[in-house]
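Visitor: Attaching a single structure in structure tokens format; questions to follow.
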Ligand SMILES: Nc1ncnc2c1ncn2[C@@H]1O[C@H](COP(=O)(O)OP(=O)(O)OP(=O)(O)O)[C@@H](O)[C@H]1O
Ligand SMILES: Nc1ncnc2c1ncn2[C@@H]1O[C@H](COP(=O)(O)OP(=O)(O)OP(=O)(O)O)[C@@H](O)[C@H]1O
Ligand SMILES: Cc1ncc(C[n+]2csc(CCO)c2C)c(N)n1
Ligand SMILES: [Mg+2]
Ligand SMILES: [Mg+2]
């Protein structure tokens, strides 16, 4: 595997590339509005001055990277982490429901996959409805779920985590059904000759054989959990969390705030996905995995 | 009643529920409530079902089916006019019918029909019964407990709404699915796939692109959707862009994992042919990656739908499934909201089913398809 | 103290200053109430929250409340703090639309989620189709920001006098560069921000009494907020509002809608609203018992 | 020997037809066979004649499409459930995520042996197949022959009364093979196990077996059953005796009869 | 024969050490070897002695950790890129998503043969290994020996000048094996290919080879190189001649020397 140091150069150069493209687009996308402004104010700035202005709008269509960076820096490092405006605080709020939802979702996904693989009735009857469940747009039902849960006294972290769960169990279920069914026939036959119980075949064969599928699915699931947690923050009045920041930003057209919340979300996502990746690699190594 | 001897735990439980139901009589605390004939018929049907368990599987299953569903039908039909007044026996009888339907499904699942035709029929019937019971329980509980219409309408109302709104639903499907979803799904999955190949081909990109690809993974729709509306306008293009972003990551991750899935000996074999990168890719690594790639395609088939619908909550023309959902919530037409959801679920299932069929055809060799 | 849960229609902002002020200044305490204010958001339907038992009283627009009433959630208007509506349609003067006659063939941004009725009523009156054809207007479902105008995706957009209008000003438009069609001024307005509670619960005298005290304290809060607009904006900020300057301005504009802060519903406006909703088939039959003046009568003695 | 002892495997009119994308394949037809307790039966026959399939039917890994078969007087399924047999597959079928010792431990874990007993059996069987020192290696770190020996060790550790071995020594050199042949004979004599043994080596078959079943292909049939007249005690040099060579010749004839080559 | 023809494989002081979780494993040490054009060299040695590893080094599938090796006068990598050799793996390594004929077609597709040429070669090599009639089957529908034959057909279809064969006939019965031995010899004579052949069968090695390399294990070394004095023309019954048996005996001795068994 590539060491961290091997990655630094490529990651930074690609990031630099992205930033450059970003600046170009910032100028292009912000230009029309700036032209309008200038026209109404009856000024005709030079090209450089004009570009400078497009990169310094208070509510730009596409904020310039440095605007986002400054905002991100202020809200991350210059505020006490308990302040409701701190990105660290908001990221933490989101992260906590993400993790809880991810844990629920992974567990639920695995349970469903186990059921489908082992119980013919479930295999035939459950899958179509799970698929159907996933096509229900969460943002449409999230408020209803939260209303109903609030009515029976469940508030706070759990409702948000449940929306995360709802989004994250599916990738795990799909992946694990495949993974648990992926052992080779000779291996299944071998367990058969030992008259191994289903549980033994499961633990000793199906589970290890499913590991590549599990971790791949979990990467997708953890990302889905984060999306779910953010979505789940809206109908709770969006008081705290990355979703709340996004909403507040959107509501007041504070694009810079939106983008720095997006960056925060992406960083959290990348960290989560990498954490799952590292866990996967550790497990792979413990299983005698062979370098590709 | 003494002649009825259950054979399965579901049968026993159902019998016990019947007994308890008698203790807590009547079914609703409203007059007139259920007529004596209706109540007797419910009991008769349920007892018939319990007894049918002892018959040969095929006949038993048919009688169980008739008994459980007939009883449920009468029970639910009887609540009309008495909404919100159900008492314990209502739910107990419903539970008994459900247990017997479960028993029926268990028997059906165990059947190994010889003819292809019967096997296909069974494959359809079993999930249908399961789904029917979701709807029956939903109908019975919303009406029995009198749950406010604007919180959760009963499926019958949703069905009626669907039947009355076909042109609107069709227009919405056209806008959301045939424009945004399909385009976004193809481009997003394609982009994830190509990025994975690119990362695989060029080590520089592998190191640099994947960590950044991870960051795209969780760009929350609600954050991205308004931006996409800003960039691509309020019509379907911005929704397609959201779908692209949503479907990109699952495909990226799965393709990367899949490309690592081919065996060492097979790769060595291709090396001995001095097979070029692309030949090895197409002849060995992609076929070996297919199970992973199809996983992504399946997950994306539902994600794309969610993405497009949710993206329409932001700025849209006045047509589309997401538009309709958010608008009708505001108008308290929750039945229309659920009608759209039902259509989405149906479309999503068909979409998923098509992908799954392709998967079976393409990865026929994989143990999971051969029946591991 | 008696517990009351209030569900707002939107996020915390000066639009709801009266309630936050009443809570902050202890007006609710004085009435022996312990009020929990729940902020709303773009996907919270207060009607659903109250139907699910999540709130005792909600801030809602009459269109939504009457529609819910017809769907079996018996909402009753118990007070109407906002006497006038704040919704308007604005178009930049440098755009194609100067008067109502110019609409044909252009794109207009409209808020949905139950806020679209006044617009459709108006178009109806103008005899314009809204299906996007050449002899009608193209309707764009507008998100909760003013971007469609800035992006030139729409020729006119919906704003609230107290909120989005000022975002346009912040974005560099001068008031004289904007053409404003104010629904209230045109007589097309529907009643906004009223307080609604469940008819069933109101039958309980104890609950009714609680509502009387709640409305009394709330209106006291509104009066205070109108009189001390900057302080009120500060209180909103303390409760999670964003952008202090903006809240101050909003408070100023909201004050203009509040009028004399007695919270009494004007039956004539109610009749007009109900008729407009009926005309548009938002509701199918004449509502009855959808409002009561009993609460405000008792509250404002 | 056959007649007196109780039948461990008894097949009559056994047939198995695979259906494939490309028409049915008759892998076995009309196989009649009785194997008594304590017998050592070798199966020999051209590639693709159904040896593996027959073993798999005995092991309840494949259901016959016609005829009947019983194992220990029960159906193969019941016998399998009673853990009546150990099976060495033609391919090693080691779990790649387990080290060699953990692979050998697999059946022992399944039947729930104590840790101490497991350790003891793993050591003993790995010693037997000469893999001591490789306990902690993963399968892909072993040569082909070593993997095959690991899989033999795994089956021996399972220690069932009936051993089904599908070309266990195919990938082994002569010397290791001789060594393991001797070990297997010793084990068989000591424990009175019944062994069904597929091989391609005529000398091996003759050296080991009490009976040799010669099969012929398409459709797979039993073409000859040869009872060995060799004594139970068999030093390696017995392979040069005329008696041995006579049996070997008969097996070779039987094999040739089933083949279609003109040479 | 060795001296005159140009060296196809030439190794000197070749060594390869695997590092594993559990310490280094010396698979090859100090291997000196030259194989001339047109030679048929067999490698024989106890299981795990490094035969496969040596073949893999020649094929550029493994990099030596010491010493040097050249193939056709180039590095193994260059030779591989020039498609200098065909390789038959110890396991069949067929692609499960391809039918047998498509598996054989694989290398032909890679080198870009015309369809007609592909069809012709597939037919010829499948005939050669006696798999006609199984073209449309998938690998899992074939017996172990049939899979191995399919993989041999695949390598033969590739038709390189150097053939590296790792126990190609391990899972085959005597008769098929004899048949394929003869076919292989014929092919070799006709085409003047160079063949490196790993086997566990001493007679097979003696019958086929111009030279036999005997290896001994841990660490893998070349312990003896025996040049065959048999004529190039070899009928099957040459295996009973005293000359043949003498060479076989010498190979056997070499093998025994490398083994640690007391018997
Ligand atoms: N799963 C299967 N599907 C279809 N045909 C099969 C299947 N398994 C085996 N066969 C066919 O059955 C026949 C017998 O196969 P089997 O594996 O029993 O042969 P074998 O005697 O063990 O051969 P070998 O010595 O090569 O291992 C072969 O023709 C093979 O093609
Ligand atoms: N990838 C690997 N990692 C670590 N050790 C290995 C690896 N491959 C082979 N070995 C070790 O190298 C030695 C030689 O293995 P090799 O496969 O060359 O033997 P072989 O002579 O082909 O044996 P066989 O006849 O059993 O196939 C063995 O001890 C084996 O454990
Ligand atoms: C999704 C959605 N979009 C717009 C509005 C319109 N609206 C009604 S009150 C209010 C706050 C005042 O600025 C706004 C914006 C809404 N209710 N829901
Ligand atoms: Mg076989
Ligand atoms: Mg080897």
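Protein chains in written order, with the working numbering: chain A, 1 to 292; chain B, 1001 to 1372; chain C, 2001 to 2301; chain D, 3001 to 3263; chain E, 4001 to 4263.
All C-beta atoms, glycine included, are put in the ideal place defined by N, C-alpha and C.
Go ahead and label residue 1198(B) buried or exposed: buried means 16 or more other beta carbons lie within 10 angstroms of its beta carbon, across all protein chains shown.
Guide: For the purposes of this step, residue 1198(B) is taken as residue 198 along the second chain, with counting starting at 1. Exposed, since its Cβ has fewer than 16 Cβ neighbours within 10 Å.
Visitor: So residue 2048(C) contacts chain F; which residues on that side make the cut at Cβ distance below 9 Å?
Guide: Of the protein chains in the structure, A, B, C, D and E, none is chain F.
Visitor: How would you write the range of the beta strand (DSSP E) that residue 4015(E) sits in, first residue to last?
Guide: If you number the fifth chain from 1, residue 4015(E) lands on position 15. Here the beta strand (DSSP E) through residue 4015(E) covers 4007-4020.
Visitor: Is there a C-beta anywhere in chain D that falls below 7 Å from the one on residue 4010(E)?
Guide: If you number the fifth chain from 1, residue 4010(E) lands on position 10. Residue 4010(E) does not count as touching chain D.
Visitor: Taking 6 Å as the cut-off, is the beta-carbon of residue 1275(B) closer than that to any non-hydrogen atom of ligand 2?
Guide: Position 275 of the second chain holds residue 1275(B). Not so, every heavy atom of ligand 2 lies at least 6 Å from the Cβ.
Visitor: Of all the options 126(A), 69(A), 51(A), 45(A), which has the alpha carbon lying nearest to the alpha carbon of residue 19(A)?
Guide: Stepping through the first chain from its first residue, residue 19(A) is reached at position 19. For the residues 126(A), 69(A), 51(A), 45(A), the minimum Cα distance to residue 19(A) belongs to 69(A).
Visitor: Taking all protein chains shown into account, decide if residue 166(A) is buried (16 or more other Cβ within 10 angstroms of its Cβ) or exposed.
Guide: In the first chain, residue 166(A) corresponds to position 166, counting from 1. The residue is buried, with at least 16 neighbouring Cβ atoms inside 10 Å.
Visitor: Exposed or buried, what is residue 2077(C) when buried is set at 16 or more other beta-carbons lying within 10 Å of its beta-carbon?
Guide: Mapped onto the third chain, residue 2077(C) falls at position 77. So residue 2077(C) counts as buried.
Visitor: Output yes or no for whether 7 Å exceeds the beta carbon distance between residue 2144(C) and residue 251(A).
Guide: Indexing the third chain from 1 puts residue 2144(C) at position 144. Indexing the first chain from 1 puts residue 251(A) at position 251. A contact, by the Cβ cut-off of 7 Å.
Visitor: Note down the Cα distance separating residue 2194(C) from residue 2119(C), rounded to an integer number of angstroms.
Guide: Counting from 1 along the third chain, the entry for residue 2194(C) is found at position 194. Counting from 1 along the third chain, the entry for residue 2119(C) is found at position 119. Distance between the alpha carbons of residue 2194(C) and residue 2119(C) is about 20 Å.
Visitor: What's the gap between the Cα of residue 14(A) and the Cα of residue 67(A)?
Guide: As a position in the first chain, residue 14(A) is number 14, starting the count at 1. As a position in the first chain, residue 67(A) is number 67, starting the count at 1. Rounded to whole angstroms, residue 14(A) to residue 67(A) spans 20 Å at the Cα level.
Visitor: Flag residue 3107(D) as yes if its beta-carbon sits less than 7 Å from any beta-carbon of chain A, otherwise no.
Guide: As a position in the fourth chain, residue 3107(D) is number 107, starting the count at 1. Yes, contact with chain A.
Visitor: Using a Cβ-Cβ cut-off of 8 Å (strictly less than) and excluding sequence neighbours within five positions of residue 4262(E), which residues of its own chain qualify?
Guide: Start at 1 with the first residue of the fifth chain, and residue 4262(E) comes out as number 262. Summary for residue 4262(E): the model assigns pLDDT 41, below 50, so the residue's position carries little reliability; its value from the coordinates is reported in the next sentence. So the list is empty, once near-sequence residues are dropped.
Visitor: Could you name the residues of chain C that residue 1326(B) contacts, counting a contact when the two beta carbons are closer than 9 Å?
Guide: Reading the second chain from its first residue, position 326 is the one you call residue 1326(B). Within chain C, the residues near residue 1326(B) are 2042, 2043, 2112, 2113, 2141.
Visitor: May I ask you to check if the CB of residue 3045(D) is nearer than 6 Å to at least one heavy atom of ligand 4?
Guide: On the fourth chain, residue 3045(D) is found 45 positions in, with the first residue counted as 1. Result no, Cβ not under 6 Å from ligand 4.
Visitor: Using a beta-carbon distance cut-off of less than 8 Å, what residues from the region 4014-4039 of chain E approach chain D?
Guide: Going along the region 4014-4039 of chain E in chain order, one finds 4018, 4020, 4021, 4022, 4025 with a Cβ nearer than 8 Å to chain D.
Visitor: Tell me, to the nearest whole angstrom, how far the beta carbon of residue 184(A) is from that of residue 1367(B); I am working on the premise that it is less than 8 Å.
Guide: Working through the first chain from its first residue, we reach residue 184(A) at position 184. Working through the second chain from its first residue, we reach residue 1367(B) at position 367. Indeed they touch by this definition, with Cβ atoms about 6 Å apart.
Visitor: Quick check: is any heavy atom of ligand 2 less than 6 Å from the C-beta of residue 4194(E)?
Guide: Taking the fifth chain and counting its residues from 1, the one referred to as residue 4194(E) is at position 194. Answer for residue 4194(E): no, Cβ out of range of ligand 2.
Visitor: For residue 2003(C), write down the residues that DSSP places opposite it in a beta bridge.
Guide: Your numbering for residue 2003(C) matches position 3 in the third chain. The partner list for residue 2003(C) (beta bridge, DSSP) reads 2034(C).
Visitor: Just to check my reading of the structure: residue 1321(B) and residue 1172(B) have Cβ atoms closer than 8 Å, yes? What is that Cβ distance to the nearest angstrom?
Guide: On the second chain, position 321 is the one that residue 1321(B) refers to. On the second chain, position 172 is the one that residue 1172(B) refers to. Right, the Cβ-Cβ distance comes to about 5 Å (below 8 Å), so this counts as a contact.
Visitor: Given that residue 4081(E) touches chain B, what residues does it touch there, using C-beta distances under 7 Å?
Guide: As a first step, residue 4081(E) must be located in the fifth chain, where it is residue number 81. Residues of chain B passing the Cβ test: 1274.
Visitor: List the DSSP bridge partners of residue 2141(C).
Guide: Residue 2141(C) sits at position 141 when you count from the first residue of the third chain. Residue 2141(C) pairs with 1316(B), 2110(C).
Visitor: Specify the secondary structure class of residue 2148(C) as computed by DSSP and reduced to three states.
Guide: Within the third chain, residue 2148(C) is the residue found at index 148, counting from 1. Helix at residue 2148(C).
Visitor: Under 7 Å between the Cβ atoms of residue 3052(D) and residue 4141(E)?
Guide: Translated into positions along the fourth chain, residue 3052(D) becomes position 52. Translated into positions along the fifth chain, residue 4141(E) becomes position 141. Contact: no.
Visitor: Would you mind telling me which residues of chain E sit closer than 8 Å to residue 1284(B), beta carbon to beta carbon, in chain order?
Guide: On the second chain, residue 1284(B) is found 284 positions in, with the first residue counted as 1. Going along chain E in sequence order, the residues near residue 1284(B) (Cβ under 8 Å) are 4095.
Visitor: May I have the straight-line CA-CA distance separating residue 4285(E) from residue 4257(E), to the nearest angstrom?
Guide: Residue numbering for chain E in the displayed model covers 4001 to 4263; residue 4285(E) lies beyond these limits and cannot be assessed.
Visitor: Which residues share a DSSP beta bridge with residue 2129(C)?
Guide: What you label residue 2129(C) is simply residue 129 of the third chain in a count that begins at 1. Bridge partners of residue 2129(C): 2136(C).
Visitor: Within a Cβ cutoff of 7 Å, which residues of the same chain sit near residue 2215(C), ignoring the five residues on either side of it in sequence?
Guide: In the third chain, the residue the question calls residue 2215(C) occupies position 215. Cβ neighbours of residue 2215(C) beyond the five flanking positions: 2078, 2079, 2195, 2263, 2295, 2296, 2299.
Visitor: Name, in chain order, the residues that DSSP records as bridge partners for residue 4036(E).
Guide: Against the fifth chain, residue 4036(E) aligns to sequence position 36. 4007(E).
Visitor: Give every residue of the same chain whose Cβ lies closer than 6 Å to the Cβ of residue 2233(C), excluding the five residues on either side of it in the sequence, and list them in chain order.
Guide: In the third chain, the residue the question calls residue 2233(C) occupies position 233. Closer than 6 Å at the Cβ level, and outside the excluded window around residue 2233(C), lie 2014, 2247, 2248, 2251.
Visitor: With a threshold of 7 Å on Cβ separation, who are the neighbours of residue 4048(E) within its own chain once the five nearest residues in sequence on each side are excluded?
Guide: Within the fifth chain, numbered from 1, the residue matching residue 4048(E) stands at position 48. Within the same chain, residue 4048(E) has close Cβ partners 4217.
Visitor: Where residue 2087(C) and residue 2111(C) are concerned, what is the direct C-alpha to C-alpha distance, given to the nearest angstrom?
Guide: Locating residue 2087(C) in the third chain gives position 87, counting from the first residue. Locating residue 2111(C) in the third chain gives position 111, counting from the first residue. About 10 Å.
Visitor: By the three-class DSSP mapping on this structure, what secondary structure does residue 1079(B) have?
Guide: For the purposes of this step, residue 1079(B) is taken as the residue at position 79 of the second chain. It is coil, neither helix nor strand.
Visitor: Flag this pair as yes or no: are the beta carbons of residue 2009(C) and residue 2032(C) separated by less than 7 Å?
Guide: Counted from its first residue, the third chain places residue 2009(C) at position 9. Counted from its first residue, the third chain places residue 2032(C) at position 32. No, these two residues do not count as a Cβ contact at 7 Å.
Visitor: Just the C-alpha distance for residue 3001(D) and residue 3247(D), rounded to the nearest angstrom, thanks.
Guide: As a first step, residue 3001(D) is located in the fourth chain; it is residue number 1 there, counting from the start. As a first step, residue 3247(D) is located in the fourth chain; it is residue number 247 there, counting from the start. In this prediction, residue 3001(D) scores a pLDDT of 41, lower than 50, which makes its location untrustworthy; the coordinate-derived value is nonetheless stated afterwards. The alpha-carbon atoms of residue 3001(D) and residue 3247(D) are separated by roughly 18 Å.
Visitor: Hey, would you say the C-beta of residue 3137(D) is under 6 Å away from at least one heavy atom of ligand 5?
Guide: Numbered from 1 along the fourth chain, position 137 holds the residue referred to as residue 3137(D). Result no, Cβ not under 6 Å from ligand 5.
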